[in-house]
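Report on the following structure.
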Amino acid sequence: MITYDANRQPDALGWLAASEDDRIEAVRRYHRHLDEPHPKIPEPELHWTLHVTVENQFAMGADMPVQSTVERLMADGLSRHDALHAVGFVLAGHLVRLVEGRDPGAAMVEYCRRLLTLTPESWRREAAAESAQHRRFRKRQRRSR
Numbered sequence: 000m001i002t003y004d005a006n007r008q009p010d011a012l013g014w015l016a017a018s019e020d021d022r023i024e025a026v027r028r029y030h031r032h033l034d035e036p037h038p039k040i041p042e043p044e045l046h047w048t049l050h051v052t053v054e055n056q057f058a059m060g061a062d063m064p065v066q067s068t069v070e071r072l073m074a075d076g077l078s079r080h081d082a083l084h085a086v087g088f089v090l091a092g093h094l095v096r097l098v099e100g101r102d103p104g105a106a107m108v109e110y111c112r113r114l115l116t117l118t119p120e121s122w123r124r125e126a127a128a129e130s131a132q133h134r135r136f137r138k139r140q141r142r143s144r
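Numbering (numbering that gives the first Met the number 0), first residue to last: 0 to 144.
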């Protein structure tokens with residue numbers, strides 16, 4: 000069993016050597032025992048899986064711009080946990096584009112470009128706008144029932 004703390008970089012080799020299920024379980028345990036305030040998680044399993052995917056990409060080092068993006072966001076004042084959330088937000092958009100049928104190569108170029116230009120301010124602004132849009136959508140869904 001591995002342990003996880005989103006505010007501490009896991010050992011890359013140990014992290015990647017663990018099974019995907021063990022990584023997800025470690026992230027789940029971490030979130031269940033958080034002392035710090037955390038935004039409400041409407042889909043916890045997806046949230047944990049995004050954490051794992053971002054950590055996997057971080058552990059790959061220079062193969063992806065995730066490590067440099069997390070480090071830059073931390074230098075700009077985000078906690079490591081929030082920096083992972085910011086990258087996870089961009090990753091979620093990338094996954095949506097893939098599901099919508101975008102060319103994988105073009106989608107990957109766009110994902111990397113978005114990471115390279117990501118700032119704490121752009122993440123907060125885009126996440127707030129998307130959250131408001133999601134709330135309006137859910138409100139319309141409830142009314143139509």
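Backbone N, C-alpha and C fix where the C-beta goes; we use that ideal spot for every residue, glycine too.
| query | result |
| --- | --- |
| Alpha carbon to alpha carbon, how far is MET63 from GLU35? | 29 Å |
| With H, G and I counted as helix, E and B as strand and the rest as coil, what does DSSP make of TYR3? | coil |
| From which residue to which residue does the alpha helix (DSSP H) around MET107 run? | 103-116 |
| Alpha carbon to alpha carbon, how far is HIS93 from VAL69? | 17 Å |
| Below 8 Å on the Cβ atoms is my contact criterion, and I expect ARG79 with ALA5 to pass it. Report the Cβ-Cβ distance as a whole number of Å. | 6 Å |
| Within its chain, find whatever has a CB closer than 7 Å to the CB of TYR29; leave out the 5 residues flanking it on each side and keep chain order. | TYR3, ASP4 and ALA5 |
| Taking C-alpha atoms, which residue in GLY87, VAL51, LEU114 and SER121 lies nearest to LEU15? | VAL51 |
| For the alpha helix (DSSP H) containing GLY87, list its first residue and its last residue. | 79-98 |
| Would you check if there are 3 or more beta carbon pairs closer than 8 Å linking the stretch 106-121 to the stretch 81-91? | yes |
| Give me the Cα-Cα distance between LEU12 and LEU72, rounded to the nearest whole angstrom. | 23 Å |
| Candidates GLU99, LYS39 and THR48: which alpha carbon is nearest ILE23's? | THR48 |
| Name the two residues that bound the continuous alpha helix (DSSP H) containing HIS50. | 43-58 |
| Can you tell me which of SER121, GLY100, GLU44 and LEU83 puts its alpha carbon nearest to the alpha carbon of ASN55? | LEU83 |
| Where does HIS37 fall in DSSP's three states? | coil |
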